Every structure is written in C-alpha cells, then in structure tokens.
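In what follows, a structure is listed as structure tokens, so that the remarks can point back to it.
Chains as they are written, first to last, in my numbering: chain Y, -11 to 410; chain W, -11 to 410.
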C-alpha cells in the first residue's frame, strides 16, 4: 500500500496552494501568530472537530460552514487567543475575521474556514488581527508552508510538517499537512490542530469519510494527558489540481488516496505525541488479537494513556504489570490467561503469565530509544517519530488490530502545568 | 439524615466482631501483612469488585462464594503479594488459604472471603501464610480493629478507619470500616480495599443493593491516577447482633442504615484519595444542575481526574479554564453559556463567561487548604479529610447532583512511579 514517497514543501507541496505565516501581534511573545492556507480554486473541504461541550467559536463556525457547503478557498488560523468561552462577542469576532479575509481576497466569506489556539476566555486582539490580514495575504506564496507551520504553534517545541507524493493515472498526486499541539498551559494553551492539503480530485462525501476514518486511526489515537481541548480541529482540502479523474467511490485509487491520507495524519499525530509536554520519548502501543479494530484501538489508547505506565517509561522501568492492568480496564473483553505482552524485542508476559526476561537490557532499550528520539540540527532540537518505544499486546480474542501513540510522564509535565500562575 | 455519631473502635465497634493484624512474613519489610475480620455468627455479606479483565484469584473466589451463599464468617486479607497474574497456581493458593483459616476456626470454608494486595505476578509466600494462620486466629480480639487496619496497607502513608453509631428501635446500631489504597508501586502495589462491619439486621438483597449504591457514591467516585487495580474489593458484613428487627425493604430505617453506610464508604474513599501517591491535598468536586445524578457524578469524576487540573491545584493555580475544559469532555450534555464554576468561595465563571476575581486570594485558598490537610500527632503525620479543596460546578441543565474526590498531581507522584526499578 505504501507506494508513495516523501517530498519537501509541506502544505504547499500539492499543486494550487499558497500559504503564509506572519506576526500580527496576537501573541505577547512576538512570535508568528497568524497563518493562511489558500487554494487557488474551490477545494473540497472535510473536517473533524472536538466533541467537547465547551468549545470555541471557530469550531461552531466551521461546522456550520461545512454543513452549508463542503468546499473552501482558505483556512485562517490564529495563535495567541483560543476564542473559547468568549460568548456572543467571540462568535461575532469569528464572523468578522472571516469577513476581513474574504474582502481582502475578494471571495465569498463562506469560503473561509477558521481555527484558533491560545488562551481560553480572552477576546482575540481584533485590531491587530484586522491590521495583519493584508500583510498575511501579501505574504502568501507557493513556498509558504513552513511559515504557516510556524505560525500555528503555541508551546510546541518543534513545528510539524510533512508532504507525500503518489501516482494516480500516471500523474503525481500530492498531499501536505501541518499540525500543532503539545498540551495546555499558559494558562490554557489548548488545542490540537491539523491541516491537510491535497491536489487529488475526489468527491465531497468520500473525502469526508476518508478523513473521519483517518482521524480515528491517528489524531483520535494520541493522548498526552487525556484532556480534550476546546478547539481541536482537523481540516483537509482537496482541490483537484492534479487533474486526475475524480474519485467518487471506493476502489484501488481511493484506497491509495486514503492510505496516504492516513499516513499523513498518523505522522502529524505522532509528532504531536512526541512533542507532549515534558515528554522524553514517543510511545507506540500496538494491539492485536482483539474482537474488532475499534476494540484494539481502545485498548491501545487506554494503555498509552495510563499515568502509571507513562511514569514507568519515564523511569526506564519495563513494568509489564502496569501494561496488563491498563489493558484489563479498557472495557474490551479478553481472557487474561491468553494475554501476551512485548516491549521492543522483550517478551514480558505470555499466556497471562509473567516471564523471566533480561531486565537491565529491557531498561536499556527504553533508555536508548528515549536518547535517540531527539537530535540537534543547526542549533535546534528536532524530534524523530519513526523509532518509538514499542509495546505490543496480543489479547488472543480475535483478529482486530490497532495502534495508539503517546509519551512518557515526566517531572517536567508537572512543572510546566503546575508552575504557571504562582 | 445524619443522625449518627462517630465512635471509636473501627471495624470492631459493632457487636459480635473480632479482628486481628499480624506479621506473617509476606512483606519483605517485616511490617504487618495478614489481617482477619471475624463475625461470631453468620453475617449477611455483600461485595463490590473490580470490573477489570485482568484480576486477582481472590476476586474470582469472592464472586463465586457470594453467588453460592451471601453470608460469611470471616474475611482474610493479606498484603505483600496480590495473587494476580498467577494462573492456576494462584487459584489453588486462594482455595488453600481459605481452607487453612476455616480449619483453624472450625467453620465451613465457604464462609471465608479473601482479599489480597501487593505485587502482581508473584506467588504468595504460602508457607509463611500457613504458619501465620494460628497466630492470626489467636490474636483476634474485640479491640483488634486498628491492628487489622494496619495489616492491610501497602504504600499508604496512614491507616484508614472509622466507626459510626445510630439508633434503630431505640437500640444502638453500629458500623465500622477500614480501607487501603494509594496507587500502584513496587512495582505493582495495586488495589483499593474496603471492609465494612455492621451489627444491623438486614436482608441479603437489600444489603447488597445498599452497598452497590454506596459504592457508586464513594469508592467509584475517587481517582488517584485513573488506573483500575486488579484486586479492588469492597465487602460489607451485617451480622444482626444489634438485635433490632430485620430490615427487609426500603423505608425510614433502611434509609437511615443506607445513609450511614454511604457515609462510612465516603469517609474511607476520601481517606484513600487524600493518601494518593504524592498528594498534598484532598479535592472535592461538587456538580449540580446535571440531567441526572449519574451524569453529575461523571462530570465530577472527569474533572477531578484531569491531569491538567490536578497539576494546577498542586501549583495553587486557580485555573478555571481547565475545570471548564474537563467538564466539557465528560460526555454529559449542557449549554456552555450556562456554566458556573466556583473554587471555594471564589466565583470564577458564570453564564459561561470568565469573571474577574481576586487571583492571589484564590491561590492562597489552595495553599492554605493544602497546608491544613495534614498534621502531626504523636510524631506521626495524619491526614484530614473533612476540609478539602472544593470545586463547585453548576451545569444549568437539570437537577442532578453528585460529587467526586481526588488529589493533586505532584512531582512526587512521578518520582514514586518512575524510580522504582531503575
């Protein structure tokens, strides 16, 4: 299935997209805080949003817009203020920002989608926002993907960006993505955001179905601390500029496109998990032998979200008991006497019984994986997401499989989240 | 409803009970590790157990025994080994230990209930266990409640014990309880245990119903780290030695008994939450205005289990945004524009809007409540559970109400759970 290659360019790698990221003055730090993703032509637009009751104005806005018409020309994203818990004023501010961009671009306001991240309960700095719009539009370019990736982050340590290319009908079809997310601090820098651009031609209904399935296998399978944000947003555009035939039903081409979409989403999601607050490594939990794929994903997410398990990984402790205990409370039926657990290459438990294993070597596996999961380049710290700590669990109760990703729980997580205000 | 008074004596305060706690040599530390609760006559027995798939032999044993007959004479509890993930051997060991006690007491083995706590995946030290039985039985006395409370703990910093007395038909009816639980360490010191003794006369069915409801409002409403143990067990005995008329259906007397049972369970549950690993305070989240009581409890438990919220409390940070965000993701419907949040006496949010409040004073409320939540007596540190940090949330969507209890997330939680093995 993986017949694609990685290319450069991020979200501006697909044909017909421009992007920009500028400093409008919304963040007190003076870092870039306003991002634009622009499709030259109307793009099919699909979205997946936070399910929480307490949510931002931009989330309600996007839901309404996508119900009205499932296409868009632009995604406008600000960092600094989340525009959540801002009531009627926040709703009006959302409408205004979309209107300002639409006027500057001379497009229908309904063609603008919105996302925000930052402090909850503060009104957006609308004067700075409005003043930044012309500058943002002027900055939009076919090489602006990295600038946009930079402008959507808050407390992230690294930016997250990817681009892939495959062949359909002998023509290149490209997909790019950026994401942000780390946790919630300062005091409420919330939000996981993901934006995907693609130049494939695909039907509205199919694109939304593909995105929902991909989200279930990626963004919905990561956890940093179990807290859902008020602003979580994933939007995917497909503008047909690859000039391939429209994909309107499932089949080999659709499967190829969905596999690539899933890969992009998984990369972006893993990058968020690795960048979790205080994290020293990325953890991948692989579950097999479950009654269904959904069951497997549920067990994987429960294990990777266990504070006890996460603390053990931080301490390089190959603690199979915590893995077994977390798997057992995931509300998925299995026979504990068939449980198998592996940590990397180390078989820790089989048929429900603990096995003797080389504990120092297993601890060393954790230590080395963690040490290798970040590296220095050009004076900056970067993360590697292709070599996570791997926990493999077989439930012995079916053929369902699934994965989830997370990070360890360190002193720094507590420090970051305890010591802001006081 | 609260027409009871606190009395001394713990689980041996009710008539007709003896208890003991001795050092049998199951814990490497040499601390007491074997406890017995004994009713002179057959007592109605009700139980609530862990719902996890990966569970200890003693849990399966108790479930089977209580299905066979809902009465018991004795509860035998060991600390040191959890007898979980021990397969067929563990099952046989459970049967053996019950048999040894039954022989020593000259009672039916089916009249013995079992509980274990300690390391998962290690066989119990059965030789030491067997040798300890005669000593344990010999030590059983009407003043042995404290010794039993001491012998069931593992990593707990304090023992948890309570006794209450009320009047039914002009006669005293007494209830006692002990519990243990703190988290999971070393490497898997799991388990929340609760044992309640009572001398009321009550029908089997009613007693089990009362216990299930009380557990839903107490033990099921606390969270230290979201991890469910393999061994969680709550058993309540009622032996009728108060010589009051049998309570066989709901009515004023039954309500009085159930209220007292709920109070005992809540006290014991709160004591566990306050003693959570690394905790510096007890947190009580009160939810009103929910569609149902169950909904209210769900929101309360979601908030009190949020790592972000728990970290903020540790940092004395009156962070309403995290409270609102956690409430919103609890899968309970409400209108975010009606949300109200109070921290102690400080109104932080009303009608979904953040309010100005005295931030230093609110932070000081957290600091002082934490400082007062433990005290020194006779050279020992003791906990206070009657003055928690209080978060009050009104959802504005009904008349359902409920509470949950937890503790803050501190550096010490991570330290305790990360640094055992390595």
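Cβ atoms here follow ideal geometry from the backbone N, Cα and C, with glycine treated the same way.
Predicted model, so just to flag it, every value in this text is computed and none were measured.
Discussion item. Whole angstroms are fine: how far does the CA of residue 396 of chain W sit from the CA of residue 404 of chain Y?
Written reply: Taking the straight line from one Cα to the other gives about 14 Å.
Worksheet item: Between the C-alpha atoms of residue 374 of chain W and residue 211 of chain Y, what's the straight-line distance to the nearest angstrom?
Response: Taken atom to atom, the span from the alpha-carbon of residue 374 of chain W to that of residue 211 of chain Y is near 34 Å.
Worksheet item: Counting only runs that start and end within the region 305 to 362 of chain W, where is the alpha helix (DSSP H) found for 4 or more residues in a row?
Response: The qualifying runs are 308 to 316 and 347 to 360.
Worksheet item: Name the chain W residues that come within less than 9 Å of residue 327 of chain Y, Cβ to Cβ?
Response: For residue 327 of chain Y, the residues of chain W that pass the 9 Å Cβ criterion are 41, 42 and 73, in the order they occur in the chain.
Item to complete: Quick one: measure Cβ to Cβ for residue 181 of chain Y and residue 167 of chain Y, integer angstroms, because I've assumed they're closer than 8 Å.
Response: Approximately 6 Å separates the beta-carbon atoms of residue 181 of chain Y and residue 167 of chain Y; this is inside 8 Å, confirming the contact.
Worksheet item: For residue 302 of chain Y, which residues in chain W fall below 8 Å Cβ to Cβ?
Response: The contact set of residue 302 of chain Y on chain W, defined by CB atoms closer than 8 Å, consists of 402 and 406 in chain order.
Fill in: Buried or exposed by the 16-neighbour rule on C-beta atoms within 10 Å, applied to residue 390 of chain W
When all chains shown are included, residue 390 of chain W counts as buried.
Practice prompt. Flag residue 422 of chain W as yes if its beta-carbon sits less than 7 Å from any beta-carbon of chain Y, otherwise no.
Written response: The requested residue 422 of chain W is not part of the displayed model; chain W covers only -11 to 410.
Worksheet entry | chain W contacts from the region 312 to 337 of chain Y (Cβ-Cβ distance under 9 Å) | Taking 9 Å as the Cβ-Cβ cut-off against chain W, the residues of the region 312 to 337 of chain Y that qualify are 312, 313, 314, 315, 316, 317, 318, 319, 320, 321, 322, 323, 324, 325, 327 and 337.
Worksheet item: Does the beta-carbon distance from residue 108 of chain W to residue 73 of chain W come in below 7 Å?
Response: Taking a C-beta distance under 7 Å as the contact criterion, residue 108 of chain W and residue 73 of chain W qualify as a contact pair.
Worksheet item: By a C-beta neighbour count over all protein chains shown, 10 Å radius and 16 as the cutoff for buried, is residue 289 of chain Y buried or exposed?
Response: When all chains shown are included, residue 289 of chain Y counts as buried.
Fill in: Check whether residue 5 of chain Y and residue 185 of chain Y have beta carbons under 7 Å apart
For the pair residue 5 of chain Y and residue 185 of chain Y, the CB atoms are nearer than the 7 Å cut-off.
Discussion item. Looking at the strands, I want to know which residues DSSP matches up with residue 108 of chain Y.
Written reply: Residue 108 of chain Y is not bridged to any residue.
Fill in: Contained beta strand (DSSP E) runs [length at least 3] in the region -8 to 80 of chain Y, N- to C-terminal order
The region -8 to 80 of chain Y contains these whole beta strand (DSSP E) runs: 5 to 10, 22 to 37 and 59 to 69.
Worksheet item: How would you write the range of the beta strand (DSSP E) that residue 162 of chain Y sits in, first residue to last?
Response: Where residue 162 of chain Y is concerned, the enclosing beta strand (DSSP E) stretches over 159 to 168.
Worksheet item: By the criterion of Cβ-Cβ separation under 9 Å, what are the contact partners of residue 341 of chain Y in chain W?
Response: Simply 73, 74, 75 and 109.
Practice prompt. Report the residue ranges of all alpha helix (DSSP H) runs contained in full by the region 220 to 286 of chain W; include only those spanning at least 4 residues, in chain order.
Written response: The region 220 to 286 of chain W contains these whole alpha helix (DSSP H) runs: 240 to 262.
Discussion item. Tell me the residue span of the alpha helix (DSSP H) that contains residue 191 of chain Y.
Written reply: Boundaries for residue 191 of chain Y: no alpha helix (DSSP H) harbours it, and the DSSP string shows neither H nor E there.
Fill in: Within 7 Å, strictly: CB atoms of residue 394 of chain W and residue 261 of chain W
Yes, the Cβ-Cβ distance between residue 394 of chain W and residue 261 of chain W is below 7 Å.
Practice prompt. Please report how far the alpha carbon of residue 52 of chain Y lies from the alpha carbon of residue 63 of chain Y, in whole angstroms.
Written response: Near 15 Å, if we compare the C-alpha coordinates of residue 63 of chain Y and residue 52 of chain Y.
Worksheet item: Going along chain A, which residues have a C-beta under 8 Å from residue 399 of chain W?
Response: Absent from the structure is chain A; the protein chains it does hold are Y and W.
Discussion item. So with CB distances below 9 Å, who are the chain Y contacts of residue 283 of chain W?
Written reply: Neighbours of residue 283 of chain W in chain Y, taken as residues whose beta carbon is under 9 Å from its own, are absent, since the nearest beta carbon is some 12 Å off.
Item to complete: Using the DSSP secondary-structure output, state which residues sit across from residue 145 of chain W in a beta bridge.
Response: In the DSSP output, where bridge partners are listed per residue, residue 145 of chain W has none listed.
Practice prompt. Pull up the CB-CB distance for residue 406 of chain W and residue 305 of chain Y, whole angstroms please, since I reckon it's below 8 Å.
Written response: The Cβ separation is near 7 Å, so the contact holds.
Discussion item. Using 8 Å for Cβ pairs, my map puts residue 230 of chain W next to residue 202 of chain W. What's the rounded Cβ distance?
Written reply: Contact check for residue 230 of chain W and residue 202 of chain W: beta-carbon distance about 19 Å, past the 8 Å limit, so the pair fails to qualify.
Practice prompt. Closer than 7 Å by beta-carbon distance: list the chain W residues that pair up with residue 299 of chain Y, in chain order.
Written response: Within chain W, the residues near residue 299 of chain Y are 402, 405 and 406.
Worksheet item: Apart from the five residues on each side of it in sequence, which residues of its chain come closer than 7 Å, Cβ to Cβ, to residue 294 of chain Y?
Response: Excluding residues within five positions, the ones whose Cβ falls inside 7 Å are 310 and 314.
Worksheet entry | Meets three-Cβ-pair contact criterion under 8 Å: the region 266 to 284 of chain Y and the region 227 to 243 of chain Y | No, the region 266 to 284 of chain Y is not in contact with the region 227 to 243 of chain Y.
Fill in: residue 111 of chain W burial status per 10 Å Cβ neighbour count (16 or more: buried)
An exposed status is given to residue 111 of chain W, since fewer than 16 other beta-carbon atoms sit within 10 Å of its beta-carbon.
Discussion item. Using a Cβ-Cβ distance cut-off of 7 Å, determine whether residue 218 of chain W contacts chain Y.
Written reply: For residue 218 of chain W, the nearest beta carbon of chain Y is closer than 7 Å to its own beta carbon.
Item to complete: On a CA-only basis, which of W:92, W:156 and W:21 is nearest residue 141 of chain W? Give me that one, please.
Response: Among W:92, W:156 and W:21, the Cα nearest to that of residue 141 of chain W is on W:21.
Worksheet item: Should residue 133 of chain W be flagged as near chain Y, meaning a C-beta pair shorter than 7 Å?
Response: No, its Cβ sits nowhere closer than 7 Å to a Cβ of chain Y.
Fill in: Distance between residue 195 of chain W and residue 99 of chain W (C-alpha atoms, nearest Å)
Put simply, the backbone Cα of residue 99 of chain W is about 17 Å away from that of residue 195 of chain W.
Worksheet entry | Listed by chain order, chain W residues near residue 277 of chain Y by CB distance under 9 Å | Neighbours of residue 277 of chain Y on chain W: none; closest Cβ ~13 Å, over 9 Å.
Worksheet item: If you drop the 5 nearest sequence neighbours on each side, which residues of the same chain put their C-beta closer than 8 Å to that of residue 336 of chain Y?
Response: Shown here for residue 336 of chain Y: same chain residues with a beta carbon closer than 8 Å to its own, the five before and five after excluded, namely 306, 308, 311, 329, 330, 342, 343, 345 and 350 in chain order.
Practice prompt. May I have the straight-line CA-CA distance separating residue 91 of chain Y from residue 125 of chain Y, to the nearest angstrom?
Written response: Each residue's alpha carbon lies about 11 Å from the other.
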